[in-house]
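Asker: My structure is below; once you've seen it, I'll send some questions.
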Amino acid sequence: MAIDLTSIIKASTLSASEQADLASLCVGLPDNLQFAIAEMLERTDFDYEKEYYLEFLKKIIPAYKEFAGSNDSAIRSVLQESAGNVRYDGGRYALPFARSLAETAQRSKISISPELQKTILHLQVSVFRDLTDNEIRQVLSQHILYFLDQVDMVYQLKRRFVLDGGEDDNDWGRVYLQAMENNEEVVGEQSITVDGKQLPPFVKNWLNDYLTSVQASPMGRGALEEAQYFSKSPNTAKLTIEEKRILQELFQLYDWLFNPSGTFAELEAYEASAGRESEPEARTVPQASVSDIQKLKATAQPPRKAPQFMQVPPVQPLVIPRNIQDILLDRKRPPEQVQRPQQPVPRPAAPQTQTTPSNNPTPAIDVEAKLAALRNKIQKKP
36 MAIDLTSIIK
46 ASTLSASEQA
56 DLASLCVGLP
66 DNLQFAIAEM
76 LERTDFDYEK
86 EYYLEFLKKI
96 IPAYKEFAGS
106 NDSAIRSVLQ
116 ESAGNVRYDG
126 GRYALPFARS
136 LAETAQRSKI
146 SISPELQKTI
156 LHLQVSVFRD
166 LTDNEIRQVL
176 SQHILYFLDQ
186 VDMVYQLKRR
196 FVLDGGEDDN
206 DWGRVYLQAM
216 ENNEEVVGEQ
226 SITVDGKQLP
236 PFVKNWLNDY
246 LTSVQASPMG
256 RGALEEAQYF
266 SKSPNTAKLT
276 IEEKRILQEL
286 FQLYDWLFNP
296 SGTFAELEAY
306 EASAGRESEP
316 EARTVPQASV
326 SDIQKLKATA
336 QPPRKAPQFM
346 QVPPVQPLVI
356 PRNIQDILLD
366 RKRPPEQVQR
376 PQQPVPRPAA
386 PQTQTTPSNN
396 PTPAIDVEAK
406 LAALRNKIQK
416 KP
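By the working numbering, the letter at position 206 of the sequence shown is numbered 241, and the numbering carries on one by one without gaps.
Structure, rendered in structure tokens:
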């Protein structure tokens, strides 16, 4: 269904000059690319990406139009620059154009060169989580060996299984199994014997030999069955160590797809152990979730300004009078250590008697004589 891209451009937050430039640039683009551009313009977080997205469109659209004339050097250059480029959302800006290339080539009967095909595969590796089911089936049926060397396929498909709610779908992954069973990529240099027949060492023939040689347990095949196959099959004796590794990873992926399982806890544990790195996605290192990135951008706040502090003059030392210091110091001492001056205890005043002045002085009292008289008096008592 065609869309009115011109109206969507006019309703966007672009300036008038930017709207005019973009409208002119998009003339002649197929509907699928117009829809992808319109979807980007209507995103709530578009203002955060506006500068980089317009920069990208000015590069890719002329290169895309030039490819229509069978010249792919310009489009290859832009796609190579986009893969894993943070400025271009890790390559997600370029994914709709890469998808449209195949349709354009098929419609115009233009063959895609091996160099351009490899460039597109490299872009798909960097944005694997954004691939459609059809694109994943194409990967599993035609390019699985390249992706096994670049991406942890079991983890990525397990992540898709968990987010899709695959535990409620008994047929989840069947189309992926069928894609692997039709893969004709070569592992090894010599033919293999399957059910008494000499067959090319295609992926589908290796899978057939594995499935017929090893009986599955009630829980499905796993590491034990894989080890039994490599130890008993005469076909594996013809392989190098690297080819055996590739074949083992093929079996691991097939066994998981045959009996898929996974939980959010497993994904969190995997990401915690592997760590998060910037794109492009390296082997066994998961990308940040697209939904997480969009939510983060949508809720991002403008940077906060550093607080401005008042300039306070230096504090002058407080001068305390000496008498105030003495009082403060006394209060800080424990009560028993405070030395209080001792006041003299007042004595009662002797009663004053009225005496008549006399010219004769009062005779002195003989204390010794009175004591002797008192002792004699006591001794005389019976």
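Every residue, glycine too, gets a C-beta built ideally from N, C-alpha and C.
Please report the residue range of the beta strand (DSSP E) in which Q233 lies.
Answerer: Residue numbering aside, residue 233 sits at position 198 when the sequence shown is read from its first letter. It spans 232 to 234 - the beta strand (DSSP E) in which Q233 sits, taken as one unbroken run.
Asker: Would you check if there are 3 or more beta carbon pairs closer than 8 angstroms linking the segment 264 to 277 to the segment 232 to 250?
Answerer: Contact holds: three or more Cβ-Cβ distances are below 8 angstroms.
Asker: Quick one: Cα of S248 to Cα of S268, how far?
Answerer: Taking the sequence shown and counting its residues from 1, the one referred to as residue 248 is at position 213. Taking the sequence shown and counting its residues from 1, the one referred to as residue 268 is at position 233. In a straight line, the C-alpha of S248 is about 8 angstroms away from that of S268.
Asker: What residues match up with V221 in a beta bridge as DSSP calls it?
Answerer: Here residue 221 corresponds to residue number 186 of the sequence shown, with the count starting at 1. F237, per the DSSP bridge assignment.
Asker: Taking only the alpha-carbon atoms, compute the straight-line gap between F299 and S308 and give it to the nearest angstrom.
Answerer: In the sequence shown, counting from the first residue as 1, residue 299 sits at position 264. In the sequence shown, counting from the first residue as 1, residue 308 sits at position 273. Rounded to the nearest angstrom, the two C-alpha atoms are 14 angstroms apart.
Asker: The beta strand (DSSP E) that contains I38, what's its start and end?
Answerer: Within the sequence shown, the letter at position 3 stands for residue 38. Looking at the DSSP string, I38 is not in any beta strand (DSSP E), and its letter there is neither H nor E.
Asker: Please classify V229: does DSSP put it in a helix, a strand, or coil?
Answerer: Counted from its first residue, the sequence shown places residue 229 at position 194. DSSP places V229 in strand when its eight states are reduced to three.
Asker: Using only the alpha-carbon positions, how far apart do D230 and L246 sit?
Answerer: Position 195 of the sequence shown holds residue 230. Position 211 of the sequence shown holds residue 246. Cα to Cα, D230 sits roughly 11 angstroms from L246.
Asker: Thinking C-alpha only, which one of K193, E53, C61 is nearest D39?
Answerer: Your numbering for residue 39 matches position 4 in the sequence shown. Here the closest residue by C-alpha is C61.
Asker: Determine the burial state of K93: buried for a count of at least 16 other Cβ atoms within 10 Å of its Cβ, exposed for fewer.
Answerer: Reading the sequence shown from its first residue, position 58 is the one you call residue 93. So K93 counts as exposed.
Asker: What whole-angstrom Cβ distance do G223 and E278 have, given they're in contact under 8 angstroms?
Answerer: Indexing the sequence shown from 1 puts residue 223 at position 188. Indexing the sequence shown from 1 puts residue 278 at position 243. Indeed they touch by this definition, with Cβ atoms about 5 angstroms apart.
Asker: Taking C-beta to C-beta, are Q141 and F163 nearer than 8 angstroms?
Answerer: For the purposes of this step, residue 141 is taken as the residue at position 106 of the sequence shown. For the purposes of this step, residue 163 is taken as the residue at position 128 of the sequence shown. It is not a contact, given that the beta carbons lie outside the stated cut-off.
Asker: Could you tell me if A214 is buried or exposed, where buried requires 16 or more neighbouring beta carbons within 10 angstroms of its beta carbon?
Answerer: Taking the sequence shown and counting its residues from 1, the one referred to as residue 214 is at position 179. Label assigned to A214: buried.
Asker: How many whole angstroms separate the CB atoms of L166 and E220, which I take to be in contact at a CB cut-off of 8 angstroms?
Answerer: The residue labelled residue 166 in the question sits at position 131 within the sequence shown. The residue labelled residue 220 in the question sits at position 185 within the sequence shown. Not confirmed; about 18 angstroms, so no contact.
Asker: Going straight from the alpha carbon of E138 to that of E216, what length do you get?
Answerer: The count along the sequence shown starts at 1 and reaches residue 138 at position 103. The count along the sequence shown starts at 1 and reaches residue 216 at position 181. Straight-line Cα distance between these residues: approximately 25 angstroms.
Asker: Indicate the three-state DSSP secondary structure (helix, strand or coil) for D187 in the structure shown.
Answerer: Reading the sequence shown from its first residue, position 152 is the one you call residue 187. If DSSP states are grouped into helix, strand and coil, D187 belongs with coil.
Asker: Specify, as a first and last residue, the run of the alpha helix (DSSP H) that P97 falls within.
Answerer: In the sequence shown, the residue the question calls residue 97 occupies position 62. 81 to 102 is the span of the alpha helix (DSSP H), which, as asked, contains P97.
Asker: Compare the Cα-Cα distances from W207 to each of L136, P295, Q69 and report the closest residue.
Answerer: Counting from 1 along the sequence shown, the entry for residue 207 is found at position 172. Here the closest residue by C-alpha is P295.
Asker: Alpha carbon to alpha carbon, what distance is there between S266 and A133?
Answerer: Within the sequence shown, the letter at position 98 stands for residue 133. Within the sequence shown, the letter at position 231 stands for residue 266. Straight-line Cα distance between these residues: approximately 43 angstroms.
Asker: Apart from the five residues on each side of it in sequence, which residues of its chain come closer than 7 angstroms, Cβ to Cβ, to F70?
Answerer: Working through the sequence shown from its first residue, we reach residue 70 at position 35. I38.
Asker: Measuring only the C-alpha atoms, how far is I44 from A55?
Answerer: Position 9 of the sequence shown, counted from the first residue, corresponds to residue 44. Position 20 of the sequence shown, counted from the first residue, corresponds to residue 55. Approximately 9 angstroms, taken between the alpha carbons.
Asker: Pairing CB atoms from the segment 101 to 116 with CB atoms from the segment 80 to 87, are three or more of them under 8 angstroms?
Answerer: Segments in contact, no.
Asker: Quick check: what's the CA-CA separation for V186 versus V160?
Answerer: Against the sequence shown, residue 186 aligns to sequence position 151. Against the sequence shown, residue 160 aligns to sequence position 125. Roughly 7 angstroms between the two C-alpha positions.
Asker: For S117 and L158, which I take to be in contact (beta-carbon distance under 8 angstroms), what is that distance rounded to the nearest angstrom?
Answerer: Walking along the sequence shown from the start, residue 117 turns up at place 82. Walking along the sequence shown from the start, residue 158 turns up at place 123. Yes, S117 and L158 are in contact; Cβ-Cβ is about 7 angstroms, under 8 angstroms.
Asker: Going by alpha carbons, who is nearest to E11 out of R194, L242, Y123?
Answerer: One cannot answer for residue 11 here, as it falls past the ends of the chain, which runs 36 to 417.
Asker: When burial is assigned at 16 or more other CB atoms within 10 Å of the CB, is D107 buried or exposed?
Answerer: Taking the sequence shown and counting its residues from 1, the one referred to as residue 107 is at position 72. Label assigned to D107: buried.
Asker: Tell me which same chain residues have a C-beta within less than 7 angstroms of the C-beta of R122, skipping the five on either side of it?
Answerer: As a first step, residue 122 is located in the sequence shown; it is residue number 87 there, counting from the start. Same-chain partners within the cutoff: Y87.
Asker: Check for me: the alpha helix (DSSP H) holding D66 runs from which residue to which?
Answerer: On the sequence shown, position 31 is the one that residue 66 refers to. Its alpha helix (DSSP H) spans residues 66 to 76.
Asker: Below 8 angstroms on the Cβ atoms is my guess for S176 versus N67; work out the distance and round it to an integer in Å.
Answerer: In the sequence shown, residue 176 corresponds to position 141, counting from 1. In the sequence shown, residue 67 corresponds to position 32, counting from 1. About 23 angstroms separates the two Cβ atoms, so there is no contact after all.
Asker: Give me the residue from S42, D204, Q283, L259 with the minimum Cα distance to M188.
Answerer: As a first step, residue 188 is located in the sequence shown; it is residue number 153 there, counting from the start. Closest option to M188, Cα to Cα, is Q283.
Asker: State buried or exposed for Q169, treating a residue as buried only when at least 16 other CB atoms are found within 10 Å of its CB.
Answerer: In the sequence shown, residue 169 corresponds to position 134, counting from 1. Sequence inspection shows Asn at residue 169; the Gln mentioned does not correspond to that position. N169 comes out exposed.
Asker: Going by CA-CA distance only, name the one from E150, S148, F91, P149 that's closest to L130.
Answerer: Here residue 130 refers to the residue found at position 95 of the sequence shown. That would be F91, whose Cα lies nearest to the Cα of L130.
Asker: I'd like the list of long-range same chain contacts for V210, defined as Cβ closer than 8 angstroms, with 5 residues on each side in sequence excluded.
Answerer: Residue mapping note: residue 210 aligns to position 175 of the sequence shown, counting from 1. Cβ within range, chain order: D168, R172.
Asker: Count the other CB atoms, across all protein chains shown, that sit within 10 Å of the CB of E312; report buried if there are 16 or more and exposed otherwise.
Answerer: Start at 1 with the first residue of the sequence shown, and residue 312 comes out as number 277. Residue placement at E312 is flagged as unreliable, the pLDDT there being 45, under the threshold of 50; a coordinate-derived value is accordingly withheld.
Asker: Rounded to whole angstroms, what's the CA-CA distance from D244 to N205? Just pull it up for me.
Answerer: For the purposes of this step, residue 244 is identified with residue 209 of the sequence shown, where counting begins at 1. For the purposes of this step, residue 205 is identified with residue 170 of the sequence shown, where counting begins at 1. One C-alpha to the other measures close to 26 angstroms.
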